[in-house]
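First up is the structure itself, then whatever we jot down about it.
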Amino acid sequence: MNDQQPSNRLTQGPVGTVLRRQATPFGVSLIAIFSFEAIDLFFISRLGDAPLAAVSFTFPVIWLIYAIGIGFEAAAASCVSRAVGRDDERLARRLTTDTVVLASAVALGLCLVGLATIKPLFTVLGATEELLPLISEYMTTWYWVAPVDVALWSSLASIRARGNTLLESKIITSAALLNLVLDPLLIFGLFGFPELGVRGAALATVIATSAMLLFTLYHLHFRLKVYASPLARFSVVLDSWKHMLVIAIPAMITNAIIPVSSAIVVALVPAYG
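Residue 335 is where the sequence shown ends in the numbering used here, and the numbering goes up by one at each step.
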């Protein structure tokens, strides 16, 4: 079967069937995404109360970065799907490439800022001196997930925009399963692996996500052939970014409300003991 066929199926057949075919794999993808933190917490809880509390402090920051990634993902899905719908494959490739490049650059910037502000940021959030070393141990590794994750989500959105939610689901579920396997190996040092504690949980996420990103980039470039040259004129790239940011920024703000609210609550709770 041709890789381009799924996009054609979006306009064929009963509406209910099309919705189920698209929504079911996407629902599985969401469950797999949420499972990363749940799996990490399950194994980290075996290390004791302090490691569990330390990692729990990081969630508002992690989900704030995820909110930015979701914004780029929504923009990629919307812009690319409209280009595909107009049968403008050249524009679809341009938007796919430019969105992934910008999203990765923004996430890398956040990663570097995050690495430089771990102690002051989590001190403001109310972390104690006992927890700060554990938080630093976890986040110095996890922050490198940010550019990988955002690039992965933006790339997967371009696959979904072509109607192939099943491939997206397989990729994300595979990453979640790989994280499930790596977590106990790297946290507890099983079968000759190094015992890394909370850092091992973050490293497992980095490895699992990076592996899936490499597979996704390979599939997009060599199978679907949906990437354009990143060396286009800057005016062309800037035009793509403008179209994308009109959707991405409101989506980021909407999805940032919950992690920002959680951060405020986390910062207030220590004041009450």
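The beta-carbon is built from N, C-alpha and C at its ideal position, and this holds for glycine as well.
- Counting the other Cβ atoms within 10 Å of the Cβ of P209 gives 16 or more, which makes it buried.
- Taking 8 Å as the cut-off, the Cβ atoms of L242 and I101 count as close.
- For L194, the enclosing alpha helix (DSSP H) begins and ends at 194-204.
- When secondary structure is reduced to three states using DSSP, D160 falls in the helix class.
- Inter-residue distance for A85 and M306 is about 23 Å (C-alpha atoms, whole angstroms).
- By the neighbour-count criterion, in which 16 or more other beta carbons inside 10 Å mark a residue as buried, A116 falls on the buried side.
- Distance between T271 and L244, taken at the CA atoms: about 12 Å.
- Listed in chain order, the non-local C-beta contacts of L228 below 6 Å within the same chain comprise P87, local neighbours out to five positions each way being set aside.
- Shown here for F119: same chain residues with a beta carbon closer than 7 Å to its own, the five before and five after excluded, namely F184, L187, A189, L193, I197, V328 in chain order.
- Going by beta carbons, P122 and S324 fall inside the 8 Å limit.
- Here DSSP, grouped into helix, strand and coil, assigns N241 to helix.
- When secondary structure is reduced to three states using DSSP, N226 falls in the coil class, being assigned neither helix nor strand.
- Straight across, the Cα-Cα distance linking T159 with L239 is about 28 Å.
- Contact check between the region 124-135 and the region 214-233: three or more CB pairs, one atom from each, fall below 8 Å, which counts as touching.
- Considering only L157, I326, G259, the residue with the shortest C-alpha distance to E199 is G259.
- When the beta-carbon positions are compared, V268 and V207 come within less than 8 Å of each other.
- In the displayed model, R295 falls within coil according to three-state DSSP, outside both helix and strand.
- Looking from the CA of I124, the closest CA among L172, G110, A273, R108 belongs to L172.
- Looking only at I180, I221, S166, the smallest Cα-Cα distance to F134 is reached by S166.
- When only Cα atoms are considered, L247 and S107 end up about 15 Å apart.
- Non-local beta-carbon contacts of I311 in its own chain, meaning distances under 8 Å to residues more than five positions away in sequence, involve G133 in chain order.
- Where F255 is concerned, there is no enclosing alpha helix (DSSP H), because DSSP gives it neither an H nor an E.
- Per DSSP, reduced to three states, the secondary structure at D150 is coil, with no helix or strand assignment.
- Here P182 is exposed. Its C-beta has fewer than 16 other C-beta atoms within 10 Å.
- A136 is the residue among A136, W204, I221 whose C-alpha sits nearest the C-alpha of V308.
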